[in-house]
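The next block holds one structure in the form of structure tokens; read it before the comments.
Protein chains: 2
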Amino acid sequence: MKERVIELMNEKKYTKVREEVIELNAIDIAELLEELDTNNALILFRMLPKDVSAEVFANLSNENQKYIINAITDKEIQFIMDELFFDDMIDFLEEMPASVVKKIIKNTKEDERRLINQFLNYPANSAGSLMTIEYVGLKKEMTVKQAMEYIKRIGIDKETIYTCYVMDVNRKLEGIVSLRKLVVSDDDKTIEEIMDTGVIYVNTHDDQEEIAHVFKKYNFIALPVVDKEERLIGIITIDDIVDVIEEENTEDFHKMAAMEPSEEEYLETSVITLARKRIVWLMALMISAIFTGSIISKFESVLQSVVALAAFMPMLMGTGGNAGAQSATLIIRGMALDEIELSDIFKVIWKELRVSSLVGVLLSLVNFIRLYFFQHVDIRIAMVVCSTLIVVVILAKIVGGTLPIIAKTLKLDPAIMASPMITTIVDAVSLFVYFTMASRILGIA
Amino acid sequence: MKERVIELMNEKKYTKVREEVIELNAIDIAELLEELDTNNALILFRMLPKDVSAEVFANLSNENQKYIINAITDKEIQFIMDELFFDDMIDFLEEMPASVVKKIIKNTKEDERRLINQFLNYPANSAGSLMTIEYVGLKKEMTVKQAMEYIKRIGIDKETIYTCYVMDVNRKLEGIVSLRKLVVSDDDKTIEEIMDTGVIYVNTHDDQEEIAHVFKKYNFIALPVVDKEERLIGIITIDDIVDVIEEENTEDFHKMAAMEPSEEEYLETSVITLARKRIVWLMALMISAIFTGSIISKFESVLQSVVALAAFMPMLMGTGGNAGAQSATLIIRGMALDEIELSDIFKVIWKELRVSSLVGVLLSLVNFIRLYFFQHVDIRIAMVVCSTLIVVVILAKIVGGTLPIIAKTLKLDPAIMASPMITTIVDAVSLFVYFTMASRILGIA
Chain A
1 MKERVIELMN EKKYTKVREE VIELNAIDIA ELLEELDTNN ALILFRMLPK
51 DVSAEVFANL SNENQKYIIN AITDKEIQFI MDELFFDDMI DFLEEMPASV
101 VKKIIKNTKE DERRLINQFL NYPANSAGSL MTIEYVGLKK EMTVKQAMEY
151 IKRIGIDKET IYTCYVMDVN RKLEGIVSLR KLVVSDDDKT IEEIMDTGVI
201 YVNTHDDQEE IAHVFKKYNF IALPVVDKEE RLIGIITIDD IVDVIEEENT
251 EDFHKMAAME PSEEEYLETS VITLARKRIV WLMALMISAI FTGSIISKFE
301 SVLQSVVALA AFMPMLMGTG GNAGAQSATL IIRGMALDEI ELSDIFKVIW
351 KELRVSSLVG VLLSLVNFIR LYFFQHVDIR IAMVVCSTLI VVVILAKIVG
401 GTLPIIAKTL KLDPAIMASP MITTIVDAVS LFVYFTMASR ILGIA
Chain B
1001 MKERVIELMN EKKYTKVREE VIELNAIDIA ELLEELDTNN ALILFRMLPK
1051 DVSAEVFANL SNENQKYIIN AITDKEIQFI MDELFFDDMI DFLEEMPASV
1101 VKKIIKNTKE DERRLINQFL NYPANSAGSL MTIEYVGLKK EMTVKQAMEY
1151 IKRIGIDKET IYTCYVMDVN RKLEGIVSLR KLVVSDDDKT IEEIMDTGVI
1201 YVNTHDDQEE IAHVFKKYNF IALPVVDKEE RLIGIITIDD IVDVIEEENT
1251 EDFHKMAAME PSEEEYLETS VITLARKRIV WLMALMISAI FTGSIISKFE
1301 SVLQSVVALA AFMPMLMGTG GNAGAQSATL IIRGMALDEI ELSDIFKVIW
1351 KELRVSSLVG VLLSLVNFIR LYFFQHVDIR IAMVVCSTLI VVVILAKIVG
1401 GTLPIIAKTL KLDPAIMASP MITTIVDAVS LFVYFTMASR ILGIA
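Note that the protein sequences, when read in sequence, are chains A and B.
Quick note: the first sequence, position 198, residue 198 per my numbering, numbers continuous.
Just so we're on the same page, my numbering is the position in the second sequence counted from 1, plus 1000.
Below, the structure written as structure tokens:
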């Protein structure tokens, strides 16, 4: 498909191209445009039917959006802006350089310009920055028939018509009514009779993570956003929330691997940015690991007498780190999904204590058999290694299970208490336990 | 709120309770029931209006569902089953013990029984196991007016009426038409004139992860599911996909922390299950770490001559592990979001090479200043440590960046090539590089 269109474009068989492309979903057309060189992309874009072009535009990369805006006429820009849903326009403007924004704002009407400025000022990741103003507003005195006629007239320009919002004269939200309810109700009923009044809504400044929770909990497809006076300002739709959920997950994945989170795609992020996002944590953890090294220095005499002890250090540190990371991940994820609360900390400790004892003893047993019977290591050293292993696994799992909860209590993001941080802490603890055990059991001062 | 209801229940002021509860969203009522003791929960459940009770039931925990089913009459069961959406019923039946399933199937009609059995047989996590049969089917000869009247009659029992499906006499999917299109179109147009024919659909056996991708890409709120003959079997709605997305993310989080993924909530999982899901990987990684230890044994003479070298091992292994985990996480996440393809492997290597050189040199520099100027470590040892650090960071990032891609090429889940696996590999590499450098630069045989 793509190849054929590119070939046809190069042969300048434009009518043929148009026929092929027009059958596609707007999102597939956008994907196709991304593959073409900018010149052909522009030609193809201008061939699109007007109502399709705005939707295609909304799904292009920022690069291509910028290129197209700079290449088309003011009138064409105005048309696209009129057709774009308001939230898509705001998303687009947020990513454009000032010169492009100026060019576009020049082409909008006074009241729209005020709205745009208001929306561009909502904090990033807030309800305000996610919402759209294209919702259907109804009055409670309307009959079902009047409402349906009204929707028939204006529905085409609304982001969703499947939930309609009932407001009083001051735009205060009084209720909602689904299009389903309208369709199945008798024509002469009033909106007041059929509307739902226990409306769940969010505030313009609420964080997108909380909003995603509301959507997930209630299975909504749209959610109203109100200001401090409970006036309806806009709505958020499920398609944007799906993106938010993935964004929040990506953020957690990045944080849990000791990086500053990034919203940009990996392949499109510059080397400098990638390096900057990684080095802070690497540096911090490296310096902490130097402290771990000082534990070894402290026990240098023990190591000097039994150099063989060094060979078990990677296994002890590694197993401890992995055991801790498992617990930390379960707890961080559980908290992200609202399954684990701060007050569950003692339940977590008790559970991790039992799991870790079981796991620790098993690992230790396998290790002992291997060391003593197969590798013929001195029994006292095998005992030092295996008893350290049990202690390390238990400590690691308690540390891994509780630190994320403690972080949350301190209003920090639990995700930073993931594998890298836990591993660094557990490394130090493991070595301290190991050498203390060794000096006791082997009788070295 | 909760406290008040519990108090009122205990005082047996049931009319008052009913008044309070009836104002709530069904999901909040379900949450409230979970807090009550089973006896009160049952009383409250039976007080609910019939149409609310099925929705509340669908949102209860399996424990409470089982309790209620065993406590209520066959007639009440039949009523709930009639009201439940088909996909909710299947979800519920999948979790119930055979005795409960039997009790329910006894109360369903012959043809419904056949359908239930068919749905229970779709593979877990397939389109078939997610879909529902309550969609609106239209014929292309209908006019808009006829279609709207039809929807008015049957719409109340459908999971969604916002996308309607047009089929021929053999149930082959011919097109879709959104309720929005129906509402804004003229009454006497035919469905054929306004329907969309380039329908995107999935197959009953497609995996839920792919289906989630389709929803995310096209911003759908529903998607048709067809069988091998392209006959429409059911539809999947966005609310179920939101759950799938979180499930798939949880699976990745678990795998990336070296655990077998679990769908159960942490606090509800038994100690034995938790231990079982963790020990396999811990054991495997522990045994690999023993191999790392053997590298140390091999270089025991080097370590014996300069025991001070041991103090830098945790820092080198830790930094290498963290550096590799950062890259692995970015790549695994990028592949999960379809941003990175197998063919990008060379781009990834080139990018990681540059990022890691930058990061490695910087870390090494800071380290050198610290070691040589502040800790007054022998300059040759400082050089060994710092040049190892550069090499380790570069190797770690290349390994971390490429192994997930290689895993995918081999049809393995890239998520297993995360921190624990990368750390174990990098540990061995780091130590090998370290001691080789040491024996060269310090001139120890």
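Beta carbons are placed, not taken as given, at the ideal position from N, Cα and C, and that holds for glycine.
Source: prediction; values computed, not measured.
{"Query": "Cα-Cα separation, A/L182 to A/T38", "Result": "46 Å"}
{"Query": "Three-way DSSP call (helix, strand, coil) for A/M256 in this model", "Result": "helix"}
{"Query": "Residues in the stretch 407-428 of chain A having any Cβ partner in chain B nearer than 9 Å", "Result": "A418, S419, P420, T423, T424, D427 and A428"}
{"Query": "B/E1174, DSSP secondary structure in three states", "Result": "strand"}
{"Query": "Cross-chain neighbours of B/R1180 in chain A, by beta carbon under 7 Å", "Result": "G155 and I161"}
{"Query": "One or two residues paired with A/G137 in a DSSP bridge", "Result": "A/Y165"}
{"Query": "Interface flag, B/N1322 vs chain A, CB-CB below 7 Å", "Result": "yes"}
{"Query": "Inter-residue spacing [alpha-carbon to alpha-carbon] between A/E246 and B/L1337", "Result": "8 Å"}
{"Query": "Range covered by the beta strand (DSSP E) that runs through B/I1154", "Result": "Per DSSP, B/I1154 belongs to no beta strand (DSSP E); it is in the alpha helix (DSSP H), V1144 to I1154."}
{"Query": "For B/V1144, the nearest candidate out of B/E1055, B/S1178, B/S1357 and B/G1198 (CA to CA)", "Result": "B/S1178"}
{"Query": "Proximal residues, the stretch 1248-1280 of chain B versus chain A, C-beta separation under 9 Å", "Result": "N1249, T1250, D1252, F1253, H1254, M1256, A1257, A1258, M1259, S1262, E1265, Y1266, L1267, E1268, T1269, V1271, I1272, L1274, A1275, K1277, R1278 and I1279"}
{"Query": "Chain-ordered chain B contacts of A/R333 [CB-CB under 7 Å]", "Result": "T1250 and F1253"}
{"Query": "Supposed contact pair A/S419 and B/A1328 - C-beta distance, whole angstroms, cut 8 Å", "Result": "Not a contact, Cβ separation roughly 11 Å."}
{"Query": "Assigned exposure category for A/I55 - 16 Cβ within 10 Å defines buried", "Result": "Going by the sequence as given, residue 55 of chain A is Glu instead of Ile. Burial call: buried."}
{"Query": "Residues that DSSP places opposite A/I235 in a beta bridge", "Result": "A/T132 and A/P224"}
{"Query": "For A/N203: DSSP bridge partner residues", "Result": "A/V226"}
{"Query": "Pair within 7 Å by beta-carbon distance, A/L232 and A/L138", "Result": "no"}
{"Query": "Residue from A/V393, A/I77 and A/I236 whose Cα sits closest to the Cα of A/T319", "Result": "A/V393"}
{"Query": "Distance between B/V1005 and B/A1030 (C-alpha atoms, nearest Å)", "Result": "13 Å"}
{"Query": "Whether B/A1323 touches B/A1396 by CB criterion (7 Å)", "Result": "yes"}
{"Query": "Proximal residues of chain A, C-beta to C-beta of B/A1289 below 7 Å", "Result": "P314, M315, G318 and T319"}
{"Query": "Three-state secondary structure (DSSP) of A/D427", "Result": "helix"}
{"Query": "Runs of alpha helix (DSSP H) wholly within the stretch 367-419 of chain A (minimum 4 residues, chain order)", "Result": "379-409"}
{"Query": "Beta carbon proximity, B/S1343 to chain A, threshold 7 Å", "Result": "no"}
{"Query": "B/E1339 at chain A interface by Cβ criterion, 7 Å", "Result": "yes"}
{"Query": "Any C-beta of chain A under 7 Å from that of B/V1355", "Result": "yes"}
{"Query": "7 Å Cβ cutoff met for B/A1222 and B/T1204", "Result": "no"}
{"Query": "The stretch 47-66 of chain A contacting the stretch 91-104 of chain A, beta-carbon criterion three pairs below 8 Å", "Result": "yes"}
{"Query": "Within-7 Å CB hit, B/L1058 to chain A", "Result": "Before going on, a small fix: residue 1058 of chain B reads as Ala here, not Leu. For B/A1058, the answer is no, since every Cβ of chain A falls outside 7 Å of its Cβ."}
{"Query": "Contacting residues, own chain, Cβ-Cβ under 8 Å from B/A1275 (five flanking each side not counted)", "Result": "none"}
{"Query": "At least three beta-carbon pairs within less than 8 Å, the stretch 250-264 of chain A to the stretch 405-418 of chain A", "Result": "yes"}
{"Query": "Other residues of its chain near A/F119: CB distance less than 6 Å, five sequence neighbours each side excluded", "Result": "I90"}
{"Query": "A/K298 to B/T1402 span [Cα, whole Å]", "Result": "38 Å"}
{"Query": "Residues sharing a beta bridge with A/S126, DSSP", "Result": "A/D207"}
{"Query": "Bridge partner(s) assigned by DSSP for A/D196", "Result": "A/I176"}
{"Query": "8 Å Cβ cut-off: residues of chain A touching B/K1347", "Result": "L267"}
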